[in-house]
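Heads up: the structure comes next, in structure tokens.
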Amino acid sequence: MVVLEPETAVHSKPLPELNGLNAPFLEGLRRHEFLVPRCRDCGDYHWVPYPACRTCLSDALNWTPVSGHAHLYSYTVVHRGLGAFAEEAPYVVAMGELVEQPRPCIVIAQLVGTPWQNIHIGQPLQIGFVDVPGANATSYRWVVRE
Numbered sequence: 639m640v641v642l643e644p645e646t647a648v649h650s651k652p653l654p655e656l657n658g659l660n661a662p663f664l665e666g667l668r669r670h671e672f673l674v675p676r677c678r679d680c681g682d683y684h685w686v687p688y689p690a691c692r693t694c695l696s697d698a699l700n701w702t703p704v705s706g707h708a709h710l711y712s713y714t715v716v717h718r719g720l721g722a723f724a725e726e727a728p729y730v731v732a733m734g735e736l737v738e739q740p741r742p743c744i745v746i747a748q749l750v751g752t753p754w755q756n757i758h759i760g761q762p763l764q765i766g767f768v769d770v771p772g773a774n775a776t777s778y779r780w781v782v783r784e
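Take 639 as the starting number for the sequence shown in my numbering and just add one per residue.
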């Protein structure tokens, strides 16, 4: 995983609200660690956080660090962003299949650092962390892995 340049402008994008379901994930991001719920009964990883395993319905989930490596499963190019995202258009929103377990563990995030014309399905990705100054928060993006 890589640490990207912190956001320098005043942060105007929405930030997630800390709650019982996402607290371990958001705290992991602040430490530049990507955590995903993993079922202790069947071993499956799941994204997004959910109170039970989507495979076996067990509630025995642990927040587990993952490599942050993935392959590009799908993406879309946003040409007309809304609100605080308007000035970034065009930008790419990508679905990355984590290497620890392909489907159902697909993580969605903005893909940065590569022109959209050079993006293709199957491309190797990795998570990049973006610290948000003044917000005591860290966000994440996909970047193409060389």
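Don't be surprised by glycine CBs; every beta carbon is placed ideally from N, CA and C.
- If you compare the alpha carbons of H709, G772, I744 and P689 with that of P662, the shortest gap goes to P689.
- Under the three-state reduction of DSSP, A724 is assigned to helix.
- Distances from the alpha-carbon of I757 to those of V745, Y711 and E738 put Y711 closest.
- Residue range A661 to R668 is occupied by the alpha helix (DSSP H) that includes E665.
- The count of Cβ pairs closer than 8 angstroms, one atom from the region 701 to 721 and one from the region 729 to 745, reaches three, so the stretches are in contact.
- Taking C-alpha positions only, R692 is separated from G658 by approximately 18 angstroms.
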